[in-house]
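Asker:
Residue numbers (my numbering), protein chains in the order written: chain L, 32 to 226; chain U, 682 to 1284; chain A, 471 to 573.
1. Looking at the secondary structure, which residues open and close the alpha helix (DSSP H) in which residue 516(A) lies?
2. Taking CB distances under 9 Å as the criterion, tell me whether residue 551(A) reaches chain U.
3. Mind checking whether the beta-carbon of residue 1060(U) lies closer than 8 Å to any heavy atom of the ligand COA?
4. Counting pairs of beta carbons, one from the stretch 1124-1133 of chain U and one from the stretch 1095-1108 of chain U, are three or more of them closer than 8 Å?
5. Name the chain U residues whose beta carbon is nearer than 7 Å to that of residue 498(A)?
6. Compare the C-beta of residue 207(L) with all C-beta atoms of chain A and state if any pair is closer than 9 Å.
7. So within the stretch 833-896 of chain U, which uninterrupted alpha helix (DSSP H) runs reach at least 4 residues, ignoring any that extend past its ends?
8. Could you check where the alpha helix (DSSP H) with residue 77(L) kicks off and where it finishes?
9. With a 10 Å radius around its C-beta and 16 neighbouring C-beta atoms as the bar for buried, classify residue 1010(U) as buried or exposed.
10. At a CB-CB cut-off below 8 Å, which residues of chain A make contact with residue 128(L)?
11. Is there contact between the stretch 1206-1222 of chain U and the stretch 795-809 of chain U, where contact requires at least three CB pairs shorter than 8 Å?
12. So, with DSSP's three-state summary, where would you put residue 1133(U)?
13. Looking at chain L, is there any beta carbon in it that lies within less than 9 Å of the beta carbon of residue 897(U)?
14. Would residue 148(L) be called buried (16 or more neighbouring beta carbons within 10 Å of its own) or exposed?
15. Counting only the same chain and skipping the five closest in sequence on each side, list residues whose C-beta sits under 8 Å from that of residue 821(U).
16. Note down the Cα distance separating residue 86(L) from residue 145(L), rounded to an integer number of angstroms.
17. Distance cutoff 9 Å, beta carbons only. Does residue 186(L) sit that close to anything in chain U?
18. Compare the beta carbon distance of residue 714(U) and residue 1206(U) with 9 Å and say whether it is the shorter of the two.
19. Would you verify that the beta carbon of residue 557(A) is, or is not, closer than 9 Å to some beta carbon of chain U?
20. Residue 894(U) versus chain A: which residues are under 9 Å apart at the beta carbon?
21. Please report how far the alpha carbon of residue 224(L) lies from the alpha carbon of residue 991(U), in whole angstroms.
22. At 7 Å on the CB atoms, spell out the chain A contacts of residue 95(L), in chain order.
23. With residue 1190(U) as the anchor, note down where its alpha helix (DSSP H) starts and where it stops.
24. Got a sec: which bits of the stretch 68-98 of chain L sit with their beta carbon under 7 Å from any beta carbon on chain U, in order along the chain?
25. Beta-carbon separation of residue 666(U) and residue 943(U) under 9 Å?
26. Please state whether DSSP places residue 1233(U) in a helix, a strand or coil.
27. For residue 1138(U), which three-state DSSP category applies?
28. When DSSP labels each residue in this structure, what does residue 44(L) get in the three-state scheme?
29. Report the residue from 1121(U), 1119(U), 1099(U), 1091(U) whose alpha carbon sits nearest the alpha carbon of residue 1107(U).
30. I'd like to know whether the C-beta of residue 1275(U) is nearer than 9 Å to at least one C-beta of chain B.
31. Quick check: the stretch 957-969 of chain U against the stretch 1016-1026 of chain U, are at least 3 beta-carbon pairs closer than 8 Å?
32. In the DSSP assignment, the alpha helix (DSSP H) including residue 1149(U) goes from what residue to what residue?
33. Would you please verify whether the beta carbon of residue 544(A) is less than 9 Å from any beta carbon of chain U?
34. Using a cut-off of 8 Å between C-beta atoms, extract the partners of residue 930(U) located in chain A.
35. Are the stretch 730-742 of chain U and the stretch 1154-1164 of chain U in contact at 8 Å, needing three or more beta carbon pairs?
36. Does the CB of residue 489(A) have a neighbour CB from chain L at under 9 Å?
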């Protein structure tokens, strides 16, 4: 991706990096509202499947681990780009995208399994809050995977040298934030199941 | 696509900068500011027309000018239009035009994102108003309470237009929020420390922080509503165990910070005008700045004062009552500082100053009724009556709109190079002051005497016929006052006095350059050593009339407007319940984003 | 990027070893979390324990992978303020909807 000619900034910090942290701040409120709603409605479903019956902790633990490892792959990708290592840039970027896609695969399996078990968007409060919260998160993962594949493509075009490290860093900020949101969701939705 | 323009070659520059294509592809903050201003003013007139029809209906008891359904659409669109399509974008017009000039920058941090924000705003405003063409304008109030807005109780397209339209507008606001925070923090000229920035820029900075944190909350509230309506989810479905107060909480968590989004920029505008026309620096600059910051932070703690009648319980009522009373403190502090600024100054009662002083007086009245709402017991009598209508219009018309007109008369010469006629400005002010007080003051009594809000007619038995008639007459006088302004604009296009760099002899950086400014703003980026650069000896370095070296000015680009068009297509497809249009719109939007990301564009 | 910013970046990059160590800790904490979930004895303190554990994971990723620990404090402020507002909103809504009431 191209970026603007660097100007001297008042803080010495890059404009785009600053803008992205602001965006992450706004996403805290976005996911915060979704999580608050999930928590407020927890245990209030009148009928239909509930958390205890349907959530698969072992499987979700694996997908959580998968996402955590993808963050590791991401920082290794950034380090590789920063030192101009073409081979490992591509390996780690591809690995991150792959692990992200696997996470999405786990989620797709989970969603279809839940629907077959009778948990739909419409059946009760749990269905609505669960699918919208985790679905929004999954949507963010999907965008992240597209972003990573774009970077990978640019790398193959020879256009992802050390001078473009900031682009990868910002993609990394996005990716890690999505991971961090999942850390919260895994704990609050899957592990802490209130009555 | 994007070209570099050596701006000291006037002929070539002029050729590329005229014609409608140059406006469609512009990334120049000054042009975007003008686009925002003109568009917002049009929507302001539309919202005003809606108000006049409302007041015409209520001028007499049991009137039959409009039926109940139409009335619901009118007051919903009046509120939605005035808040999202008039006041916010009018402030945005000034953020765009003035902030880079006040901090000594050549443009905002992300010029293309800036253009994108404008086009998304325009398309969002057109989308939500297109509902009128279907006879299905939003009709659930600007606050859209659940479950009136559910598919069951609002089966038509009205609420769909509202939900989708607001989501589009939210994107515009968020994008602008990121842009201006980075601009203000990161693109200040050398020597322009944060505590040397003009108060208008400070208030803009604070406002954008509120936007960035509050808009995501209403986004989610609207997502829930959209999912309920489109996909049958249960967020606001009582039979499934849902709680209607969830909507109210999420909405007002956004909605209260939103009113500070509406008022803080205008407080900043007034803070610029008062010192200039008192020939005295702002009294207690630091305190005014910190008060603004405090208001933004404390504004997060008061939202349930909009819900005192919902049975929150004594603890919640007490807490929110207390926090609401507390927020009057930083607000009041500002008022004292403004008065102290004028005290002992050499007051010049030009049009901008009259509007600024009007702001102070009207806002005090609005603030007093506001503080009366802060006590839950007294609010129980006032809520949902015309007493609240009086409050909001004193702070928003007497406050925000007057403040915006102070800014319009003040900065008009800078933007257009000609003065507005001061006599006409004073007449505008006089009729505006008369009209708004005649209209909204009686509403305090109308409300306390028992007339509820949002009813399309009332019976003569209420005994409020005369007061309502007076309020309606006032509204029409208020409306007429803006005709004077419009005439002034056209009359001075050719006949207005040429402005020069600093017609008001003001202190801040935007007055150091020509009116209108050159496309590159500053021939050299100035170095600043004072909070009042033009009132201080050696307060700002010399700014030559012609740039000593060629200045790079970014060219135009089509991708911001096309990305915005993609978003509009998504919304269009959604309201038509046609998936392929949604997908096509999304694909087009993604395509445009990629083209935007990869085009060579130098800031 | 300006020279100063570039220099700051170069000083700040943690080593691969650090990254791997963080990944290791994240893995261990996740295992502990899942373990705690299945141990009946922890039922009564499950929520606080899990919140502390996941809070630790959160902080590690933010501080080391997202670099906040070694970056300019302004980024920390830009992230922390909305985060605090979000936590405040969640807490307030839980209270307002009766999550902390005695019945």
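Note that beta-carbon positions come from the ideal geometry of N, C-alpha and C, so glycine has one too.
Computed from a predicted structure; not experimentally measured.
Answerer: Reading it off the structure:
1. 516-530
2. Yes, residue 551(A) counts as interfacial toward chain U.
3. Looking at this structure, you won't find the ligand COA or any other ligand, since it has none at all.
4. The stretch 1124-1133 of chain U is not in contact with the stretch 1095-1108 of chain U.
5. Simply none; closest approach about 33 Å.
6. yes
7. 839-867
8. First-last for residue 77(L): undefined, no H or E at that position.
9. exposed
10. The premise fails here: residue 128(L) is roughly 17 Å from chain A at the closest Cβ pair, so nothing lies under 8 Å.
11. no
12. strand
13. Nearest CB-CB separation between residue 897(U) and chain L: below the 9 Å threshold.
14. Exposed is the call here.
15. 753, 757, 829, 830, 835, 839, 840, 843
16. 9 Å
17. no
18. Cβ distance not < 9 Å, so residue 714(U) and residue 1206(U) don't count as in contact.
19. no
20. 551, 552, 555, 556
21. 29 Å
22. 500
23. That residue, residue 1190(U), is in no alpha helix (DSSP H); it is neither H nor E in DSSP.
24. 68, 71, 75, 76, 77
25. The structure shown does not extend to residue 666(U), since chain U is modelled only from 682 to 1284, so the question has no answer here.
26. strand
27. coil
28. coil
29. 1091(U)
30. Annotation note: the requested chain B is absent from the structure, which comprises protein chains L, U and A.
31. yes
32. Note, residue 1149(U): alpha helix (DSSP H), 1146-1176.
33. Yes, residue 544(A) lies at the interface with chain U (some Cβ there is under 9 Å from its Cβ).
34. 563, 566
35. yes
36. yes
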